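Read the structure below first, then the notes.
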Amino acid sequence: MATRKTPAKPQRKTGVREAQAQASREAILRAATKVFARYGYDGGSVEKISRAAKSYDRMIYYYFGSKEGLFVAVLEGIYQRMDEAEAAMALDMARPVEALTEVIRFVLGYYRRNPDFVTLLNTENLHKGRHIAKSVRAREYSSRAVAVIASILESGTAQGLFRPDLAARDVYLLIAATGYFYMSNRYTLASFLGEQLDAPEAAQHWEAFVTETVLRTVRQDDSTESLPPHEETQKWQKSPPPASRARSSSRT
-10 MATRKTPAKP
0 QRKTGVREAQ
10 AQASREAILR
20 AATKVFARYG
30 YDGGSVEKIS
40 RAAKSYDRMI
50 YYYFGSKEGL
60 FVAVLEGIYQ
70 RMDEAEAAMA
80 LDMARPVEAL
90 TEVIRFVLGY
100 YRRNPDFVTL
110 LNTENLHKGR
120 HIAKSVRARE
130 YSSRAVAVIA
140 SILESGTAQG
150 LFRPDLAARD
160 VYLLIAATGY
170 FYMSNRYTLA
180 SFLGEQLDAP
190 EAAQHWEAFV
200 TETVLRTVRQ
210 DDSTESLPPH
220 EETQKWQKSP
230 PPASRARSSS
240 RT
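For the sequence shown, the working numbering assigns the number -10 to the initial residue and increments by one for each residue that follows.
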């Protein structure tokens, strides 16, 4: 009598399991980005993150080892996304003035479009950068950003347009600082200055001002003939707003 073979249970393919694991990990990262941006590092508990990700606490420890490991992954993720967006820019290095202008526009625009990026970096700076210091990838992204500036400056110097004594790091910091401070402090500055700094025309004016400032800094001479025109921003703040005038008059 022939014995009946028990049918083998269908085996789930390894590729399917890996895809599901990756999707679960990405869901946790997305949730953690929002939770940390809203509550900060201390207030962004594992429980809140797993609930937002519709996952389980144990999965956070499985994929990231600890809450700190997850926060580091979040920071690496926001840097990576900015790096990828910057890499997608089509820069013509043969036209260094235009290329540098495009980089300035990108950086300031990225900060405006991604407020969580600014908020998360503020959170990490409150912790004196102790979490991001443990990342092995963060420096890769900053080095790429500085390398782009270096290539633009090299082209501009070769054409006699830019000063030869410039450090790409310094120009990068000038662009990042003027864009980041404006966004990170926009609410307190709005109250202090009596102006709506997040209004489109205000942001446009600041971008034009930063662009002209950076280009004046890097140029070989003081000529402004080839600086990009910014006539569209001249209407902004021809006279100080009423609140500013009131404060000024009170001091005289």
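All C-beta atoms in this analysis are idealised placements derived from N, C-alpha and C, irrespective of residue type, glycine included.
Fair warning: this is a prediction, and the values are worked out from it, not measured in the lab.
Give the DSSP-derived three-state secondary structure of residue i in the structure shown.
| i | result |
| --- | --- |
| R133 | helix |
| R208 | strand |
Do residue i and residue j have their C-beta atoms closer together than 8 Å?
| i | j | result |
| --- | --- | --- |
| E36 | L97 | no |
| N111 | S180 | no |
| L64 | I121 | yes |
| L109 | F170 | no |
| V137 | V92 | yes |
What are the start and end residues of the alpha helix (DSSP H) that includes residue i?
| i | result |
| --- | --- |
| N111 | P104 to L115 |
| A65 | Ala is not the amino acid found at residue 65; the sequence shown has Glu there. K56 to A76 is the extent of the alpha helix (DSSP H) around E65. |
| Y161 | A157 to S173 |
| I49 | D46 to F53 |
| I38 | V35 to A41 |
Round the Cβ separation of residue i and residue j to the nearest angstrom and send it over; I've been treating them as touching at under 8 Å.
| i | j | result |
| --- | --- | --- |
| G58 | T22 | Not confirmed; about 14 Å, so no contact. |
| R14 | Y52 | 5 Å |
| L204 | L89 | 7 Å |
| E87 | D81 | 7 Å |
| R208 | F151 | 6 Å |
| V135 | R119 | That pair is no contact at about 23 Å. |
| M71 | Y99 | 6 Å |
| R175 | L186 | 5 Å |
query: Is the stretch 10 to 19 close to the stretch 37 to 45, with three or more CB pairs under 8 Å?
result: Put simply, the stretch 10 to 19 touches the stretch 37 to 45. At least three CB pairs are less than 8 Å apart.
message: Pairs of beta-carbons, one from the stretch 125 to 132 and one from the stretch 180 to 192, closer than 8 Å: are there three or more?
response: Too few Cβ pairs lie closer than 8 Å, so no.
- request: Taking 8 Å as the threshold, find out whether the stretch 98 to 117 comes into contact with the stretch 25 to 36 through three or more Cβ pairs.
  value: Cβ pair count under 8 Å is three or more, so yes.
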